[in-house]
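> Residue numbers (the numbering used here), protein chains in the order written: chain A, 1 to 375; chain B, 1 to 273.
See the structure below:
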């Protein structure tokens, strides 16, 4: 555990004074989807607030929900969970066939004072697995843990349901509407991946406690508003496929110690905020620190990572920035300028002979079709 | 110069006699003049009484006046609503109940800070007030249940929350709201809407047509009582056990506002770790 501790200290230094931003299921699934980006891997492992970093170097992130959307989401979630999750119980009695006696509600986020994540996780474990309690069905604000890149990431699903037969269901509350039984497929897919991450974390918890991880159902529940009224509806998501993909990705992920190895101990993304929280670190200095850690920009980053504009700018002119398939097709040519030169007839080196011939041919076809030469 | 409180009381009695006599002899002008003096004497009496009561009291916060404002301090409005519900409740429900049955509401943020103010008031002068708006405690850790308020004069069993308690309290609140509606000849729309929201989440409580006006209090009560019968015995046992632990292990202030230790309290009353 000593190296774990040292790695933890280095990650703390990397992050600087700010409090760690928790991994959430979105960042883990995004991380697992693009494991080859050291910059993002390292920042997420350290809990760096990428939004703030990106803004300070002049590339504020293009996404993130509006305040209005966030508020609407919070209001919807609060209504589903109020009064001992009365609305949720009504839905689950119908959707899962809950018995009338299955009404227990335990708020695991509730604690005297301000508990550490470790303490909340211990309480969650105790609440979910412990034998000495009364009747338990719904667990609100559980704190799970998942080993990612050799470190623990803390994750908070919306709710977990425990049935009388001992099975568990992960429940996620989203505020995108389900209209006539259909919802935005991209959003549903994201919710499914997110739920799969929670299922994996919960299965690990159950297994560590000596019980059968199969007790955690691969069927997760999505609660979303019906139409544009805020009446909630429940939908089942089968996340077996997402679980398989996630497990493969997690196995392949680089260990954090190995990730940190190439960089100086003094490397930090600290913003040096003043009392009002305004960053004082010179932006050029921060940008230099960021560029020390290589990135692996691809267009997919635009949908998943707050640094995307900064990395895209950096990657401008590289073939990778045009997407994975383009880069693969051009196999071995990193820069657009090189590809264009070869297409114009520049003599290639030996290992590029084949791709050069293809590019030349493509340029000729293009000229025939468009009637103009490459610029 | 300030008259003593007793002198004011004598003067008030005399003025009342004077008003009565003036009215009965038909002397409107005299009656009017004496009435004015009577009002002034009564106000002076109130003022003298306030300054005589030396106990440190924070300024009562007046509720913002809506279409029908309440002149009661917020803590008393919350007390009114909780007394109707007779179970611990979240600020949102408290505000809705007050709007439905007492004619005015308040922002829920003020209710949340009320608990903090009440704790400060209690700690500076324990039991000085006849009641306090206090916390409901989780049965597991006897820590304050986030988002719930209760009344200090309620028995401890009512102020602890076991795993079944949120549902039990929800069903109980529905019954109380149904009772309250039946006591009013023409219940306001807000009250009926509140009952309808309860009914929507209690099996058998909503009429088939489910139009808010047609939710019947007696049907809601019956349905709520039917489900309560499933949970209440076990819930009562869990609460009794937690209440006994609280009385054994907690200080006066902790019994009202919960423990802040953040560590589980074991049987001996010692905080673990």
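Beta carbons are placed, not taken as given, at the ideal position from N, Cα and C, and that holds for glycine. In this text the structure is predicted, and so the values were computed from the model without any measurement.
From this set, 102/B, 257/B, 73/B, which residue's C-alpha is nearest residue 153/B's C-alpha?
If we check each option's Cα against that of residue 153/B, 257/B comes out closest.
> Under a CB-based cut-off of 9 Å, is residue 125/A close to chain B?
Not closer than 9 Å to any Cβ of chain B, the Cβ of residue 125/A fails to qualify, so no.
> Do residue 18/B and residue 39/B have their beta-carbon atoms positioned less than 9 Å apart in this structure?
The answer is no: Cβ separation not under 9 Å.
> Could you run through the stretch 223 to 239 of chain B and flag, in chain order, every residue whose CB is less than 7 Å away from some CB of chain A?
Cβ contacts with chain A come from 227, 230, 231, 234, 238.
> Leaving out five residues on either side along the sequence, give the residues of the same chain with a beta carbon under 6 Å from the beta carbon of residue 62/B.
With a pLDDT of 44 at residue 62/B, under the threshold of 50, the modelled position of that residue is not reliable, and the figure given next carries that caveat. Hits under 6 Å: none found.
> For residue 251/A, count neighbouring Cβ atoms within 10 angstroms of its own Cβ and tell me buried if that reaches 16, exposed if not.
Counting Cβ neighbours within 10 Å, residue 251/A comes out exposed, since fewer than 16 surround it.
> Which residues in chain A sit within 8 Å of residue 170/B, going by Cβ to Cβ distance?
The answer, in chain order, is 83, 84, 86.
> Got a sec, what are the start and stop residues for the alpha helix (DSSP H) residue 61/A sits in?
Run containing residue 61/A: none; DSSP gives neither H nor E here.
> Note down the Cα distance separating residue 145/A from residue 101/B, rounded to an integer number of angstroms.
Looking at the two C-alpha atoms, the distance is approximately 46 Å.
> Between residue 165/B and residue 260/B, what straight-line distance do the alpha-carbon atoms span, to the nearest angstrom?
For residue 165/B and residue 260/B, the distance between alpha carbons rounds to 21 Å.
> Roughly how many whole angstroms lie between the Cα atoms of residue 53/A and residue 212/A?
Answer to the nearest angstrom: the Cα atoms are 42 Å apart.
> Residues of chain B with CB closer than 8 Å to the CB of residue 136/A, please, in chain order.
Under the 8 Å cutoff, chain B gives 163.
> My understanding is that residue 239/A touches residue 220/A, with C-beta atoms under 8 Å, so please give their C-beta distance in whole angstroms.
That belief holds up - the Cβ atoms of residue 239/A and residue 220/A are roughly 6 Å apart, short of 8 Å.
> Identify the residues that DSSP records as bridge partners of residue 101/A: which are they?
DSSP output for residue 101/A lists no bridge partner at all.
> Tell me where the beta strand (DSSP E) around residue 235/A begins and ends.
Where residue 235/A is concerned, the enclosing beta strand (DSSP E) stretches over 232 to 238.
> When you compare the stretch 138 to 148 of chain B with the stretch 243 to 252 of chain B, are there three or more beta-carbon pairs, one atom per stretch, that lie closer than 8 Å?
Touching, yes, given that three or more Cβ pairs across the two stretches are closer than 8 Å.
> Short of 7 Å Cβ to Cβ, which residues in the stretch 94 to 109 of chain B face chain A?
Per Cβ criterion, the list is empty.
> When the Cα atoms are used, what is the spatial distance from residue 256/A to residue 49/A?
Cα-Cα distance, rounded: 18 Å.
> For residue 149/B versus residue 88/B, is the C-beta spacing smaller than 9 Å?
Going by C-beta atoms, residue 149/B is nearer than 9 Å to residue 88/B.
> Going by beta carbon distance, what residues of the same chain come within less than 8 Å of residue 79/B, once the five residues before and after it are set aside?
131, 133, 151.
> Rank 77/B, 6/B, 83/B by C-alpha distance to the C-alpha of residue 52/B and give the top, closest one.
Nearest C-alpha to residue 52/B: 6/B.
> So residue 217/B packs on residue 181/B, CB below 8 Å; how close in whole Å?
Indeed, because the Cβ distance is near 5 Å, the residues count as touching under 8 Å.
> Leaving out five residues on either side along the sequence, give the residues of the same chain with a beta carbon under 8 Å from the beta carbon of residue 291/A.
Result list for residue 291/A: 314, in chain order.
> Near residue 216/A, what residues of its chain come up, given a Cβ to Cβ distance below 7 Å and the 5 sequence neighbours on each side ignored?
So the list reads 168, 199, 202, 203, 206, once near-sequence residues are dropped.
> Using beta-carbon positions only, say whether residue 177/A and residue 224/A come within less than 9 Å of one another.
Yes, Cβ-Cβ distance for residue 177/A and residue 224/A is below 9 Å.
> What's the C-alpha gap between residue 31/B and residue 12/B?
Those two C-alpha atoms are separated by around 14 Å.
> Leaving out five residues before and five after residue 236/A in sequence, what residues of the same chain have Cβ atoms less than 8 Å from its Cβ?
Closer than 8 Å at Cβ, skipping near neighbours: 95, 219, 220, 221, 222.
> First and last residue of the alpha helix (DSSP H) that includes residue 192/B?
Its alpha helix (DSSP H) spans residues 189 to 199.
> Give the residues of chain A in contact with residue 90/B, contact being defined as C-beta atoms less than 9 Å apart.
Result: 82, 83.
> Do you know how far the Cα of residue 138/A is from the Cα of residue 100/A?
Rounded to the nearest angstrom, the two C-alpha atoms are 13 Å apart.
> Thinking C-alpha only, which one of 117/A, 318/A, 190/A is nearest residue 333/A?
Of 117/A, 318/A, 190/A, the residue nearest in Cα terms is 318/A.
> Can you give me, in chain order, the residues of the stretch 222 to 237 of chain A that have a beta carbon less than 7 Å from any beta carbon in chain B?
Answer in chain order: no residues at all.
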